[in-house]
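Participant: In UniProt numbering, the protein residues as written are 1 to 152. Ideal Cβ placement from N, Cα and C applies to all residues, glycine included.
Structure below.
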């Protein structure tokens, strides 16, 4: 995805909480999902680096939605790797819907480390000066756009 999505698509975006909407908002999902992997530490390092590059690419395009979606994928790398560290096979709930007890298992340490790789990049996203500025500007732009659509 080398260009911004159309304005009508971007303005329909809702920042949401945490990773909310990350697997549903196109065309960003399709551009970012192939970059998202966390199985091993080297894979997590390559994935988080590729996603960070996309984050910066979206910044260059002045595309806050792209930056935020990338941040969500990075956050999801952290949380999913952590889930696999805490629960063998990544299954948090049993057949009855109850949370399974956390147990030691082969691969736990590697998943913990993969989660930490993503956590470091996620913190970089959150602390990024351009991200906070673009977020504020996007919310203002989105509000004006919504008002104009209601007045048309």
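Please classify residue 144: does DSSP put it in a helix, a strand, or coil?
Facilitator: If DSSP states are grouped into helix, strand and coil, residue 144 belongs with the helices.
Participant: With DSSP as the reference, identify every bridge partner of residue 93, one or two as the case may be.
Facilitator: Beta-bridge pairing links residue 93 to 99.
Participant: How big is the Cα-Cα spacing for residue 139 and residue 54?
Facilitator: Going from the Cα of residue 139 to the Cα of residue 54 covers about 21 Å.
Participant: Nearest-angstrom Cα distance between residue 64 and residue 20?
Facilitator: If you take the alpha carbons of residue 64 and residue 20, they lie about 16 Å apart.
Participant: Suppose contacts are defined by Cβ-Cβ distances below 8 Å. Is residue 36 in contact with residue 66 by that definition?
Facilitator: No. Outside cutoff.
Participant: What's the C-alpha gap between residue 117 and residue 8?
Facilitator: Taking the straight line joining both Cα atoms gives about 35 Å.
Participant: Whole-angstrom Cβ separation of residue 81 and residue 115, contact assumed at under 8 Å?
Facilitator: Residue 81 to residue 115, Cβ: 4 Å. Contact.
Participant: In terms of alpha-carbon separation, which member of 86, 42 and 124 lies closest to residue 102?
Facilitator: When each option's Cα is compared against that of residue 102, the closest is 86.
Participant: Report the option in 106, 105 and 90 whose CA atom is closest to the CA atom of residue 99.
Facilitator: Comparing Cα-Cα distances from residue 99 to each of 106, 105 and 90, the minimum goes to 90.
Participant: Measuring CA to CA, which of 11, 26, 127 and 22 is closest to residue 153?
Facilitator: Outside the modelled stretch of the chain, which goes from 1 to 152, sits residue 153, for which no answer is possible.
Participant: Which of the three DSSP states is assigned to residue 52 in this structure?
Facilitator: Three-state DSSP puts residue 52 in a helix.
Participant: Going by beta carbon distance, what residues of the same chain come within less than 7 Å of residue 49, once the five residues before and after it are set aside?
Facilitator: The answer is none, since no qualifying residue turns up.
Participant: Exposed or buried, which one is residue 155 when buried takes at least 16 other CB atoms within 10 Å?
Facilitator: Outside the displayed span of the chain (1 to 152) sits residue 155, for which this structure offers no information.
Participant: For residue 20, which three-state DSSP category applies?
Facilitator: Here residue 20 sits in coil by DSSP.
Participant: Applying the 10 Å Cβ sphere with the 16-neighbour rule, what's the burial state of residue 3?
Facilitator: Flag for residue 3 reads exposed.
Participant: The alpha helix (DSSP H) with residue 28 in it runs from where to where?
Facilitator: Its alpha helix (DSSP H) spans residues 28-32.
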